[in-house]
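Student:
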Amino acid sequence: MLIRSWDRGDEAEWRDWLAAGRDFGLLAANGGPGHGPVLVPTHFLLDQDAGEILLHLATPNPIWAALRADPQVTLSVTDDYVFAPGHWRGEPGTPTSYYASVQFACTAEIVEDAAGKAAILNRQLAHFQPETPEVRVVPGAEPFGPLLTGLRGLRLTVREVRAKFKYDDKKPAAAQFAIAGLLAERGQGLDPGARTQLLRRNARRGDGPAPVRAERAGRSGRSGRSGPAAADRGGCPAG
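Counting from 1 along the sequence shown, just add 2 to a position and that's the residue number in the working numbering.
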């Protein structure tokens, strides 16, 4: 993805953003000659200390053949996205999209042994389902052990992280801050989450409001609207 100097996210920023409950993304593997990429929506577990991402997928998933041919993959997480109308943004009135996105460039290792798959599943259960610590996968033991043949594990070693927080940071700080009020007034779809990110980015400039706590917005009332693409001049409508 295109990342301009004014919307690049630093490591502390993207780590905090993901830690606020963003653990579902799109895994992309290279397809064979004449085919597009294989895209798999999936939950994942990021082990930041180990620099790896853990997940599992069903055995019939088409991604396995792609990974054996080329283990280089990208895992992308995008959230807090909204459409910003041109009349919100001053002259020349160019609309744009606001969004936050983190992309992990990784090398994939397929885990096929029962013990390895159980270890990945148990770590995911501890993360996603901590309220049931007694529920664990033991190879060969009921109820989940016999089901291990129906899936494979994936260990992704992170090679590079690219983060983008596109919230009009190139605009004057006052203009950027004013748009937060328009997002609050509209209040639909992901507007609350986008407003949180916009205010946080504005506060980092030193002339905005006090920093706001990063949090996930509700998912009700998503807007399906999209805006026209345009050249990136001043307001950064593209990218």
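Cβ coordinates follow ideal geometry from the N, Cα and C atoms, glycine included.
At which residue ranges does the region 19 to 46 contain complete beta strand (DSSP E) runs of 3 or more residues, listed in the order of the chain?
Tutor: Listed in chain order, they are 26 to 31 and 40 to 45.
Student: Give the DSSP bridge partners of E54, in chain order.
Tutor: For E54, which the question treats as bridged, DSSP gives the partners D49 and T159.
Student: Taking only the alpha-carbon atoms, compute the straight-line gap between Q131 and G183 and give it to the nearest angstrom.
Tutor: For Q131 and G183, the distance between alpha carbons rounds to 37 Å.
Student: Using a Cβ-Cβ cutoff of less than 6 Å, which residues in the same chain neighbour D171 once the five nearest sequence positions on both sides are dropped?
Tutor: Answer for D171: W8, D9 and R203, listed in chain order.
Student: Report the partner residues of V75 according to the DSSP bridge assignment.
Tutor: DSSP, once it has assigned bridges, lists A31 and C108 as partnering V75.
Student: Hey, G11 and A107: beta-carbon distance below 8 Å or not?
Tutor: For G11 and A107, no; Cβs fall outside 8 Å.
Student: Beta carbon of A30, beta carbon of L153: below 8 Å?
Tutor: Going by C-beta atoms, A30 is not nearer than 8 Å to L153.
Student: Strictly by DSSP, which residues pair up with D81?
Tutor: According to DSSP, which records beta bridges pairwise, D81 is partnered with A102.
Student: Find the nearest neighbour of A120 within the set G142, A102 and Y100, judged by alpha-carbon distance.
Tutor: Measuring from the Cα of A120, the nearest candidate turns out to be G142.
Student: Please confirm whether L185 and A196 have their CB atoms less than 8 Å apart.
Tutor: Yes, the Cβ-Cβ distance between L185 and A196 is below 8 Å.
Student: By the 10 Å Cβ neighbour count, where 16 or more other Cβ atoms means buried, how is E15 classified, buried or exposed?
Tutor: Classification for E15: buried.
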